Structures are given as C-alpha cells and as structure tokens.
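Enquirer: Residue numbers (the numbering used here): 445 to 546. Submitted below is the structure of interest, expressed as structure tokens.
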Amino acid sequence: MHVADRSIQYHIVTKANGDGAVDETKLSGMSKVKMDDSGNVRSFTYHNAKIVKLAVPQMGVAQAIVYDAKAFKGYLEYIEKHQIQDAIIYVLAVVSGCSSEH
445 MHVADRSIQY
455 HIVTKANGDG
465 AVDETKLSGM
475 SKVKMDDSGN
485 VRSFTYHNAK
495 IVKLAVPQMG
505 VAQAIVYDAK
515 AFKGYLEYIE
525 KHQIQDAIIY
535 VLAVVSGCSS
545 EH
C-alpha cells in the first residue's frame, strides 16, 4: 500500500460484527475516529486509509453476499456524491473453512 502517497485515497470497508469482525483496539496509530450513537467505533483512519465498519446480519454463508452488496452500494454512492471520475474498486474476500482436498 502506498501509505505515504496522499494522491491515492484508500477507503476500506470491514466487518463490524460477528466472526471476522475487525478489532480496532488491537491497532495502534488510529486517527479520526468516529463513533455511532451507541458509542461503538463507526469509522477511523489507519495508515492513510479510511476504514468504515459495516454491520451485517448474521445469516450463515449468505452474510458474505450481503456484506459485499452493501459495501459495493456504499462505494458507488460515495463515488457519485464526490463525483470521482477515476475510482478503482477492488473486492477482496477471505474464504475460511474451505479445503482443496476432495
């Protein structure tokens, strides 16, 4: 990641609840922390990247699809609102519990 290059802006959506949720208390160097009405961290900046925590319903394997769809929709809204012409969106996934053995 080009953390020192201020011409590149990173926005990362991460899971806020359930298995695989980010635990920001284990990160050092966070800034611009924003809280929700319940006092939970909603977003923060970490190594020049804006991290947004996204809560998803706990519904088994389908939650990954809901998470991706909500994150993608949020990015499209952000890009449109800020009239960003050259945005690049990467969708990265972590697959757990899969085995290459048959």
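The C-beta atom is built at its ideal place from N, Cα and C for all residues, glycine as well. All of these numbers come straight from a predicted model, not from anything done at the bench.
Leaving out five residues on either side along the sequence, give the residues of the same chain with a beta carbon under 6 Å from the beta carbon of Thr489.
Expert: Position 45 of the sequence shown, counting from 1, holds the residue named residue 489. So the list reads Ser475 and Lys476, once near-sequence residues are dropped.
Enquirer: Would you kindly work out how many angstroms separate the C-alpha atoms of Tyr454 and Val510, rounded to a whole number?
Expert: One-based indexing of the sequence shown puts residue 454 at position 10. One-based indexing of the sequence shown puts residue 510 at position 66. For Tyr454 and Val510, the distance between alpha carbons rounds to 22 Å.
Enquirer: Using CA coordinates, which residue listed in Met479, Lys470, Val535 and Ser472 is at the minimum distance from Ala508?
Expert: As a position in the sequence shown, residue 508 is number 64, starting the count at 1. Considering only alpha carbons, the answer is Val535.
Enquirer: Should Ala531 and Lys497 be called a contact, given that it needs their Cβ atoms to be closer than 8 Å?
Expert: As a working mapping, residue 531 is identified with position 87 in the sequence shown. As a working mapping, residue 497 is identified with position 53 in the sequence shown. No, these two residues do not count as a Cβ contact at 8 Å.
Enquirer: Could you say which of Ala513, Ser472, Glu521 and Met503 lies nearest to Gly462 if we only look at CA atoms?
Expert: Numbered from its first residue, the sequence shown carries residue 462 at position 18. With distances taken between Cα atoms, Gly462 lies closest to Met503.
Enquirer: Can you tell me where the alpha helix (DSSP H) holding Val510 begins and where it ends?
Expert: Locating residue 510 in the sequence shown gives position 66, counting from the first residue. That run of the alpha helix (DSSP H) goes Ala506 to Lys525.
Enquirer: By the three-class DSSP mapping on this structure, what secondary structure does Ser543 have?
Expert: The count along the sequence shown starts at 1 and reaches residue 543 at position 99. With a pLDDT of 49 at Ser543, under the threshold of 50, the predicted position of this residue should be treated as unreliable, and no value is reported.
Enquirer: Run the CB neighbour count on Ile495, radius 10 Å, all protein chains shown included, and call it buried at 16 or more, exposed below.
Expert: For the purposes of this step, residue 495 is taken as residue 51 along the sequence shown, with counting starting at 1. By the neighbour-count rule (16 or more Cβ atoms within 10 Å), Ile495 is buried.
Enquirer: Note down, in chain order, each residue of its chain lying with its Cβ closer than 6 Å to the Cβ of Tyr519, except the 5 sequence neighbours on either side.
Expert: Here residue 519 refers to the residue found at position 75 when the sequence shown is read from its first residue. Around Tyr519: Ile533.
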